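Engineer:
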Amino acid sequence: MSGKEIERIGLDKFRIDLPPQVRQLLIDMKELALAHVEENSPASRRIFPVAYQNSPEMEMDFSQLTREPLARHHRETLAIFGSTLSNSEITEDEALAWMNALNDMRLILGTALDIDEERAAPDENDPNYEGFVVYDLLTYLQGALIEEIQH
Amino acid sequence: MTGSLQTTPVIEKIDLPSNIFEDNSLWKVIVWNDPINLMTYVTWVLQRLFGYSQGKAHALMMEVHTQGKAVVASGEREKVELDAYRLHEYGLWATIEQD
Chain A
51 MSGKEIERIG LDKFRIDLPP QVRQLLIDMK ELALAHVEEN SPASRRIFPV
101 AYQNSPEMEM DFSQLTREPL ARHHRETLAI FGSTLSNSEI TEDEALAWMN
151 ALNDMRLILG TALDIDEERA APDENDPNYE GFVVYDLLTY LQGALIEEIQ
201 H
Chain B
558 MTGSLQTTPV IEKIDLPSNI FEDNSLWKVI VWNDPINLMT YVTWVLQRLF
608 GYSQGKAHAL MMEVHTQGKA VVASGEREKV ELDAYRLHEY GLWATIEQD
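Residue numbers (the working numbering), protein chains in the order written: chain A, 51 to 201; chain B, 558 to 656.
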């Protein structure tokens, strides 16, 4: 055992070692992210970006063409993430879905928390303290997954 | 045919723009800096989607990070729309502009 939460152990295999409470937290976050995908909430604007900033007409055409496929992509990767969260091993394809899901969750939570690049460590007196802690956990896991997926 | 009256109207030569039937203009995909996406993640996505070397992807990511944006791909409109869509699937803030 390496002590890593996520570790590549083969060409198509990653070992997952997450405490039960972290897995439960990730399930809750996955459900929250799914709700934002369906509700088209303000916090979901970063997972549905505007492509044509200078042309509302072109943006409307592009959005009509891509909005539903993009929503379906978010739903599918979050579903794969949710269904494999209790596994002790995942495949390469599942790891790629984890990458998408972790990033979607960070984009939604980070937007809701109004994250900026100059952010300091979470302050326990901040009413959003728990949100920042979860955001940092997602960041840590995504960083670990990027490292292992390139390994 | 012989002995028939000419019924075909004479068409004057008209100067048409060369691109009336197809859009040959160049379009570009721009990735913008944002405070959420990890630098390592942006580099990884650019390598994965466009097949860029680690060095090129890292340089583009650094341009995004330090200059606020970078052109990561260009071409015909249909192609860059697909590129932008794929970047959106990965959560990157990508926009399209005419060159």
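Virtual Cβ for every residue (Gly too), placed ideally from N, Cα, C. Bear in mind the structure is a predicted one, so any value in this text is a computation, not a measurement.
Could you pull the DSSP bridge partners for I66(A) from this structure?
Structural biologist: Counting from one through the first sequence, the residue named residue 66(A) turns up at place 16. Note: I66(A) sits in a beta bridge opposite I56(A).
Engineer: Do the region 78–94 of chain A and the region 62–69 of chain A touch if we need at least three Cβ pairs shorter than 8 Å?
Structural biologist: They do not touch, by the three-pair rule.
Engineer: For N153(A), decide whether its Cβ has a neighbour in chain B, counting only Cβ atoms nearer than 9 Å.
Structural biologist: As a working note, residue 153(A) is residue 103 in the first sequence. Chain B, which has a Cβ nearer than 9 Å to the Cβ of N153(A), makes this yes.
Engineer: Ignore the nearest five residues each way along the sequence and tell me which others in M155(A)'s own chain have a CB closer than 6 Å to its CB.
Structural biologist: Within the first sequence, residue 155(A) is the residue found at index 105, counting from 1. Excluding residues within five positions, the ones whose Cβ falls inside 6 Å are M79, A83, L188.
Engineer: Applying the criterion that 16 or more other CB atoms from any shown protein chain within 10 Å of the CB defines a buried residue, is T652(B) buried or exposed?
Structural biologist: By one-based count along the second sequence, residue 652(B) stands at place 95. Buried, by the Cβ-count rule.
Engineer: How would you call Y179(A), buried or exposed, if buried means at least 16 neighbouring beta carbons within 10 angstroms?
Structural biologist: As a first step, residue 179(A) is located in the first sequence; it is residue number 129 there, counting from the start. Label assigned to Y179(A): exposed.
Engineer: Going by the CB atoms, is the gap between A151(A) and F182(A) shorter than 9 Å?
Structural biologist: Working through the first sequence from its first residue, we reach residue 182(A) at position 132. Working through the first sequence from its first residue, we reach residue 151(A) at position 101. Going by C-beta atoms, F182(A) is not nearer than 9 Å to A151(A).
Engineer: Just to confirm the assignment: which complete alpha helix (DSSP H) runs, minimum length 4, are found wholly within the region 69–104 of chain A?
Structural biologist: Runs of the alpha helix (DSSP H) inside the region 69–104 of chain A: 70–89.
Engineer: Could you check what DSSP says for W589(B) in three-state terms: helix, strand or coil?
Structural biologist: What you label residue 589(B) is simply residue 32 of the second sequence in a count that begins at 1. Reduced to three states, the DSSP call for W589(B) is strand.
Engineer: Using a cut-off of 7 Å between C-beta atoms, extract the partners of W601(B) located in chain A.
Structural biologist: Here residue 601(B) refers to the residue found at position 44 when the second sequence is read from its first residue. Ordered by position in chain A, the residues that pass the 7 Å Cβ test against W601(B) are I196, Q200.
Engineer: Could you check the C-alpha separation between V628(B) and K613(B) for me, to the nearest Å?
Structural biologist: Taking the second sequence and counting its residues from 1, the one referred to as residue 628(B) is at position 71. Taking the second sequence and counting its residues from 1, the one referred to as residue 613(B) is at position 56. Taking the straight line joining both Cα atoms gives about 12 Å.
Engineer: Would you please verify whether the beta carbon of M79(A) is less than 9 Å from any beta carbon of chain B?
Structural biologist: Here residue 79(A) is taken as the residue at index 29 of the first sequence, counted from 1. Output row for M79(A): interface = no.
Engineer: For the alpha helix (DSSP H) that contains I199(A), what are its first and last residues?
Structural biologist: Looking up residue 199(A) in the first sequence gives position 149. It spans 179–199 - the alpha helix (DSSP H) in which I199(A) sits, taken as one unbroken run.
Engineer: From the beta carbon of A641(B), is the nearest beta carbon of chain A less than 9 Å away?
Structural biologist: Position 84 of the second sequence holds residue 641(B). Taking Cβ atoms only, chain A reaches closer than 9 Å to A641(B), which makes this a yes.
Engineer: Give me the Cα-Cα distance between H656(B) and D591(B), rounded to the nearest whole angstrom.
Structural biologist: Translated into the one-based positions of the second sequence, residue 656(B) becomes position 99. Translated into the one-based positions of the second sequence, residue 591(B) becomes position 34. The sequence given here has Asp at residue 656(B), not His. When rounded, the distance between both Cα atoms is 23 Å.
Engineer: Just to confirm, is the Cβ distance from E144(A) to N137(A) under 9 Å?
Structural biologist: If you number the first sequence from 1, residue 144(A) lands on position 94. If you number the first sequence from 1, residue 137(A) lands on position 87. For E144(A) and N137(A), yes; Cβs fall inside 9 Å.
Engineer: Indicate whether at least one CB of chain A lies closer than 9 Å to the CB of A668(B).
Structural biologist: In the structure as shown, chain B starts at 558 and stops at 656, and residue 668(B) therefore has no counterpart that could be examined.
Engineer: Quick check: is the beta carbon of A630(B) nearer than 9 Å to any beta carbon in chain A?
Structural biologist: As a first step, residue 630(B) must be located in the second sequence, where it is residue number 73. Not closer than 9 Å to any Cβ of chain A, the Cβ of A630(B) fails to qualify, so no.
Engineer: Is W664(B) near I196(A), with beta carbons less than 9 Å apart?
Structural biologist: A query on residue 664(B) cannot be resolved here, the shown segment of chain B reaching from 558 to 656 and no further.
Engineer: Have a look at L639(B) and M618(B) and give me their C-alpha separation to the nearest angstrom.
Structural biologist: Residue mapping note: residue 639(B) aligns to position 82 of the second sequence, counting from 1. Residue mapping note: residue 618(B) aligns to position 61 of the second sequence, counting from 1. Whole-angstrom Cα-Cα distance: 20 Å.
Engineer: Tell me which residues share the same chain as T141(A) and place their Cβ nearer than 6 Å to its Cβ, disregarding the 5 neighbours each side in the sequence.
Structural biologist: Here residue 141(A) corresponds to residue number 91 of the first sequence, with the count starting at 1. Within the same chain, T141(A) has close Cβ partners D62.
Engineer: Where D164(A) and P172(A) are concerned, what is the direct C-alpha to C-alpha distance, given to the nearest angstrom?
Structural biologist: In the first sequence, the residue the question calls residue 164(A) occupies position 114. In the first sequence, the residue the question calls residue 172(A) occupies position 122. Each residue's alpha carbon lies about 13 Å from the other.
Engineer: In chain A, which residues lie with their C-beta within 7 Å of the C-beta of Y598(B)?
Structural biologist: Position 41 of the second sequence, counting from 1, holds the residue named residue 598(B). N153, Q192, I196, listed in chain order.
Engineer: Only counting the same chain, and skipping five residues up and downstream in sequence, which positions put a Cβ closer than 6 Å to that of V599(B)?
Structural biologist: Against the second sequence, residue 599(B) aligns to sequence position 42. Excluding sequence neighbours, V599(B) sits near M618.
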